[in-house]
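> The opening residue of the sequence shown carries number 2 in my numbering; numbering runs sequentially from there.
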Amino acid sequence: MKKKPEKERRELILGLWGDGCPYSQVRVEREIRIMGNNIAREMFYVFANINPTTIQILQRGRKKITDPAVLKIVDEAKYRGPQDGYVYWPTDRFHNSVDEANKLGLETAKVIESMHSLIIEWLGLNEEKTNNEYFNKLSTS
């Protein structure tokens, strides 16, 4: 028996992790390595957790995507289960500078924001509900 289109759409929206909109996160993690009784090194890693539904919809609509940065994430993100979703590492190296890591984190977040915009458009979601004032302030500072 085929699912009704409205039921399928509701299931898609639930799989976006947000309250009626796509939710993903970019993390900048600090790792401190200690050798003996001294801090030997500080490193910063950047990665993103992207909700599975966003990646799956973008994979299906791949031919409509023109942004190479979005396509790179769609191609390279690896599925890690329902809790972590798709994990994407924008680079395979660590950063010694928190400023450098934060910059890469914001760049990655902006690409994911573009991905979410496609999903919002394609699924006809309410854009007002998805407007994130916090991120808008961050990205302009």
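Even glycine gets a Cβ: it sits at the ideal position worked out from N, Cα and C.
Taking its Cβ as the centre, do 16 or more other Cβ atoms sit within 10 Å of C22, making it buried, or is it exposed?
That one is buried.
> If you follow the alpha helix (DSSP H) that R61 is in, where does it begin and where does it stop?
Here the alpha helix (DSSP H) through R61 covers 53 to 61.
> Could you tell me the alpha carbon to alpha carbon distance between Q60 and R42, rounded to whole angstroms?
Taking the straight line from one Cα to the other gives about 39 Å.
> Give me the residue from E9, G125, Y24 with the minimum Cα distance to G86.
Looking at the Cα atoms, Y24 is the closest of the given residues.
> In the structure shown, what three-state DSSP assignment does L139 receive?
Here the model assigns L139 a pLDDT of 48, short of 50, so the residue's position is not dependable, and the following value carries that caveat. Three-state result, L139: helix.
> At 3 residues or longer, and completely inside the segment 56 to 105: list those beta strand (DSSP E) runs for me, N to C.
Counting only runs of 3 or more, we get 87 to 89.
> Throw me the rounded Cβ distance for the M116 and T55 pair, which I believe falls under 8 Å.
M116 to T55, Cβ: 6 Å. Contact.
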